[in-house]
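Counted from 1, the sequence shown has number 166 at position 13 by my numbering; the numbering is strictly sequential.
The beta carbon of each residue, even a glycine, is placed where N, CA and C say it ideally should be.
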Amino acid sequence: MNNNCIFCKIAKKEILSETVYEDDSIIAFKDIHPLAPIHILIIPKKHIGSVDDLNDDDVELVGHMIISAKKIAHFGNLESDAKITREGENGYKLLFRVGRWGGQEVGHIHLHLIGGAMLSEEIRPI
Ligand code: 5GP
Ligand code: ZN
Numbered sequence: 154m155n156n157n158c159i160f161c162k163i164a165k166k167e168i169l170s171e172t173v174y175e176d177d178s179i180i181a182f183k184d185i186h187p188l189a190p191i192h193i194l195i196i197p198k199k200h201i202g203s204v205d206d207l208n209d210d211d212v213e214l215v216g217h218m219i220i221s222a223k224k225i226a227h228f229g230n231l232e233s234d235a236k237i238t239r240e241g242e243n244g245y246k247l248l249f250r251v252g253r254w255g256g257q258e259v260g261h262i263h264l265h266l267i268g269g270a271m272l273s274e275e276i277r278p279i
C-alpha cells in the first residue's frame with residue numbers, strides 16, 4: 154500500500170469505483186474517463202509502479218491480470234449494449250502505458266481493457 158496512490162485507495166475501497174471483478178490479488182473497475190464503450194482497468198492489489206518495476210516474481214500475477222482481462226471481456230457483467238463481442242464482430246485492446254513517454258498518468262501498474270466498438274489506432278472508436 155502506497156498512501157498517496159489513488160489505485161491503492163481504490164483497491165482498499167477507500168475511493169469508490171465501479172468494480173467489475175475482484176479476487177485476492179487483483180481488482181478490475183471501470184475507467185472514470187472511458188475512451189470507448191468498454192474501458193476497464195485491471196490492477197494488482199499490491200502496489201507496483203509500472204511495468205518497469207516488475208520482476209521475475211510477478212510473472213504469475215501479470216499472467217493472471219491478462220487472463221482475467223480476457224475473461225472479463227468475454228464473460229464479464231458488462232452492459233448489454235457495449236459487449237466486447239457483438240453481431241459477429243469481436244476484439245479489443247489491452248494496453249499497458251509505461252512512464253511519461255508511454256503516457257502513464259497513474260503510478261500504479263494497470264492494464265487497460267478497451268473495446269465495445271471498432272477502435273482506431275488512437276484507441277478511440279471510429
Ligand atoms: P494511464 O494514462 O495512467 O495509463 O491511465 C490512467 C487511467 O486511470 C485513465 O484512463 C484515467 O481516466 C483513469 N483514472 C484516473 N483516476 C481514476 C479514478 O479515480 N477512478 C477511476 N475509475 N479511473 C481513474
Ligand atoms: Zn498503488
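Sequence-distant residues of the same chain with beta carbon closer than 8 Å to residue i, five excluded per side
i	result
LEU264	LEU194, ILE195, ILE196, MET218, ILE219, ALA222, LEU247, LEU248, PHE249
Coil, strand or helix - residue i by DSSP
i	result
ALA226	helix
LYS246	strand
HIS265	strand
GLY216	helix
ASP234	In this prediction, ASP234 has a pLDDT of 48, which is less than 50 and means its spatial position is unreliable; what the coordinates show is noted afterwards. Looking at ASP234 - three-state DSSP - the assignment turns out to be helix.
VAL259	coil
CYS158	coil
SER203	coil
Sheet register partners of residue i (DSSP bridge)
i	result
ALA181	TYR174, ILE195
LEU188	DSSP lists no partner for LEU188.
Closer than 6 Å: residue i CB and nearest the ligand 5GP heavy atom
i	result
ARG250	yes
HIS200	no
SER203	no
ASP206	no
Residue i CB to nearest heavy atom of the ligand ZN below 6 Å
i	result
PHE160	yes
ASN155	yes
HIS217	no
HIS261	yes
Closest residue to residue i among the options (Cα-Cα distance)
i	options	result
ASN243	GLY229, ALA189, GLY268, GLY255	GLY268
LYS198	VAL251, LYS162, TRP254	LYS162
ALA167	ILE201, ASN155, GLY260	With the sequence shown as reference, residue 167 is identified as Glu, and Ala is not the correct amino acid for it. It is ASN155 whose Cα lies nearest to the Cα of GLU167.
PHE160	ARG253, ALA181, ASP176, VAL173	ALA181
TRP271	ALA189, ILE185, SER178	Contrary to the premise, residue 271 reads as Met rather than Trp in this sequence. Minimum Cα distance to MET271 is reached at ALA189.
ILE179	LEU207, ASN208, VAL215	VAL215
ASP177	LEU169, HIS186, ILE185, LYS165	LYS165
Neighbourhood of residue i by C-beta, 7 Å cutoff - its chain only, sequence neighbours within 5 removed
i	result
VAL251	SER203, VAL204, ASP205, GLN257
GLU171	PHE182, LYS183
ALA226	ILE237, TYR245, LEU266, GLY268
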